[in-house]
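Worksheet: one structure, shown below.
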Amino acid sequence: MKRLIFLLIACAVLIVPMIAAAETRTYTEIVTVKIEDDEYTALNKAKERAREQALRSYLNDVYKDRAATLNLTGDDSYIKDMEVLESNVSGMFGKELKAKIRVTINEEEVRAYLKRQGAVTGKNEERRIFVILIPGKMDTGDAPAILDNVRAEVRKNLTAAEYTVIDSEDQVKRLESLTEEADYSKLVGQLDGLGEWVVMGKVDIDITQDGSMKSYHALMTGKTVSVTSRDLMWEGNIDGLARVKASESPKAALRMAAINGGKKFADEVLKALNTKTLTQERRGSRFEVIFPTSGNYRMEQKILKLLKDDIKGLKNVSQKNRGKGDMTVDLYYVGKISDLVDLLLANLDKDPQLKNLNPEIDGNKVIFKK
15 MKRLIFLLIA CAVLIVPMIA AAETRTYTEI VTVKIEDDEY TALNKAKERA
65 REQALRSYLN DVYKDRAATL NLTGDDSYIK DMEVLESNVS GMFGKELKAK
115 IRVTINEEEV RAYLKRQGAV TGKNEERRIF VILIPGKMDT GDAPAILDNV
165 RAEVRKNLTA AEYTVIDSED QVKRLESLTE EADYSKLVGQ LDGLGEWVVM
215 GKVDIDITQD GSMKSYHALM TGKTVSVTSR DLMWEGNIDG LARVKASESP
265 KAALRMAAIN GGKKFADEVL KALNTKTLTQ ERRGSRFEVI FPTSGNYRME
315 QKILKLLKDD IKGLKNVSQK NRGKGDMTVD LYYVGKISDL VDLLLANLDK
365 DPQLKNLNPE IDGNKVIFKK
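Taking my numbering, the leading residue of the sequence shown gets 15, the next gets one more, and so forth.
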């Protein structure tokens, strides 16, 4: 009996490390970066690049079919360990740091991320959010790096809140030119059926000095809009502040300001989404539906009766005008406007006089025409 117990314990000792080992995967990355400030800053940059390369390699190895749509670079939790095996500096004038870095992936965290995103369970298809960030006034010449840091922080916080973030260069590049106010409706219209919300932000950089201290500001203006209803969910201004000694590296300070700004920006977006989307889930989004009744009272009553039949997700149907021209109806619907149109058509098909009406979607309006 004692011998059996001893064997079970021995097996457990062997199995536990095997289980633990199964949760990690290790990659050795060779990275070369230019030394622009000091070796310490360059080494940190090399570590970031090694992390990105290792995560990309891991996704291609393990989740090849989904690798193009997944982005894990915004969160350190996906890395279990990172060790610099070798590093050396070369060059007399244009110095470079070359490092050999071993990166261990935390597979358990990656699987948790995939589960949140719906890549495994498919539960998050209705929590897709576009994030479009453009540079404003940036005199430092570091716009790409600043935007990358802001974007990574926004992505990390929205992902942690279980939203599916769409912010890859290919997916948003064609939309960036439409972020000006004049093209605002056109932008949101292009996203119909692709996502539920769009976050638009512009990032300005401002640097001030007070004695031996410098203040680096990542000033962000932005808004969040519901793609389906065009409702403005949030609009505001954010100041990501990093206050450091004037002797500190400007690049490190700008990175800190960008991270602070991205975090505050994401917090405000989440606060708005978590309150207003809960309201929308209970109440629905408001839509306006117009019917060509030409003031025909009987037809108006017939349409209202069809609308008030049992249509799943349709709430609070009310007529805005009576006996004057076309009939306008306000209603609240829990779902996409395209789904609403399909349901309306299904009910109108019940009547031979109404089944030939054709719908057009214009923003949050549905206009039926003969």
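From the three backbone atoms N, C-alpha and C, an ideal C-beta is built for every residue, glycine too.
Just so we're clear, the structure is a prediction, and the values are computed from it rather than from any experiment.
Rounded straight-line distance, which links the Cα of residue j to that of residue i
| i | j | result |
| --- | --- | --- |
| methionine 214 | lysine 151 | 16 Å |
| glycine 349 | serine 299 | 8 Å |
| leucine 371 | aspartate 181 | 39 Å |
| leucine 368 | leucine 362 | 6 Å |
| threonine 135 | lysine 228 | Residue confidence is low: threonine 135 scores 36 on pLDDT, short of 50, so the model does not pin down where it sits. Its coordinate-derived value is still stated next. So the alpha carbons of these two residues sit roughly 48 Å apart. |
| lysine 137 | glutamate 176 | For lysine 137, the predicted model reports a pLDDT of 39, less than 50, meaning its position is unreliable; a value from the coordinates is still stated below. For lysine 137 and glutamate 176, the distance between alpha carbons rounds to 10 Å. |
| alanine 159 | arginine 70 | 19 Å |
| threonine 252 | threonine 307 | It should be pointed out that residue 252 corresponds to isoleucine in this sequence rather than to threonine. Roughly 48 Å between the two C-alpha positions. |
| aspartate 245 | leucine 284 | 15 Å |
| threonine 46 | arginine 142 | 36 Å |
| arginine 125 | valine 258 | 38 Å |
| valine 164 | lysine 329 | 39 Å |
| isoleucine 273 | histidine 231 | 11 Å |
| tyrosine 72 | isoleucine 119 | 8 Å |
| arginine 269 | glutamate 66 | 17 Å |
| isoleucine 325 | lysine 59 | 56 Å |
| tryptophan 248 | methionine 106 | 52 Å |
| lysine 379 | lysine 316 | 20 Å |
| isoleucine 381 | leucine 354 | 12 Å |
| methionine 234 | isoleucine 115 | 35 Å |
| serine 436 | isoleucine 351 | Past the edges of the chain, shown from 15 to 384, lies residue 436, and the structure says nothing about it. |
| glutamate 210 | glutamine 223 | 42 Å |
| aspartate 52 | glutamate 100 | 17 Å |
| alanine 64 | threonine 342 | 59 Å |
| lysine 112 | tyrosine 54 | 12 Å |
| alanine 260 | serine 226 | 5 Å |
| lysine 147 | aspartate 75 | In the sequence as displayed, the identity of residue 147 is leucine instead of lysine. The alpha-carbon atoms of leucine 147 and aspartate 75 are separated by roughly 30 Å. |
| aspartate 220 | alanine 56 | 24 Å |
| threonine 289 | glycine 250 | 16 Å |
| threonine 173 | lysine 278 | 15 Å |
| lysine 94 | isoleucine 304 | 57 Å |
| aspartate 376 | leucine 358 | 16 Å |
| lysine 170 | glycine 108 | 34 Å |
| glutamate 302 | alanine 166 | 38 Å |
Under 8 Å between C-beta atoms of residue i and residue j
| i | j | result |
| --- | --- | --- |
| leucine 161 | valine 212 | no |
| aspartate 365 | leucine 320 | yes |
| tyrosine 347 | glycine 327 | yes |
| glutamate 374 | lysine 383 | yes |
| glutamate 62 | tyrosine 92 | no |
| lysine 334 | glycine 309 | no |
| serine 332 | aspartate 344 | yes |
| glycine 236 | glycine 254 | no |
| isoleucine 44 | glutamate 110 | no |
| glutamate 97 | arginine 39 | no |
| valine 168 | leucine 205 | no |
| tyrosine 41 | valine 117 | yes |
| lysine 265 | aspartate 90 | no |
| threonine 238 | leucine 287 | yes |
| valine 202 | valine 179 | no |
Coarse secondary structure for residue i, derived from DSSP in three states
| i | result |
| --- | --- |
| alanine 24 | With a pLDDT of 44 at alanine 24, under the threshold of 50, the modelled position of this residue cannot be trusted; read the value that follows with caution. Helix. |
| asparagine 372 | strand |
| leucine 208 | coil |
| proline 158 | helix |
| lysine 151 | coil |
| methionine 106 | coil |
| glycine 215 | strand |
| serine 263 | coil |
| glycine 236 | strand |
| glutamate 249 | strand |
| asparagine 120 | strand |
| threonine 55 | helix |
| threonine 40 | strand |
Distance cut-off 7 Å: residue i Cβ against heavy atoms of the ligand FAD
| i | result |
| --- | --- |
| glutamate 282 | With respect to the ligand FAD, the structure offers nothing, as it holds no ligand at all. |
In DSSP terms, what residue i is bridged to
| i | result |
| --- | --- |
| alanine 113 | Val45, Ser101 |
| serine 229 | Thr222, Arg257 |
| serine 299 | Tyr347 |
| lysine 285 | Its beta-bridge partners do not exist; DSSP assigns none. |
| valine 241 | Partner(s): none; valine 241 has no beta bridge. |
| valine 179 | Ile143 |
| phenylalanine 279 | Answer by DSSP bridge pairing: none, since phenylalanine 279 is not bridged. |
| methionine 270 | Bridge partners of methionine 270: none, in fact. |
| aspartate 95 | Thr118 |
Whole alpha helix (DSSP H) elements within the region 314-383, 4-residue minimum: 351-362
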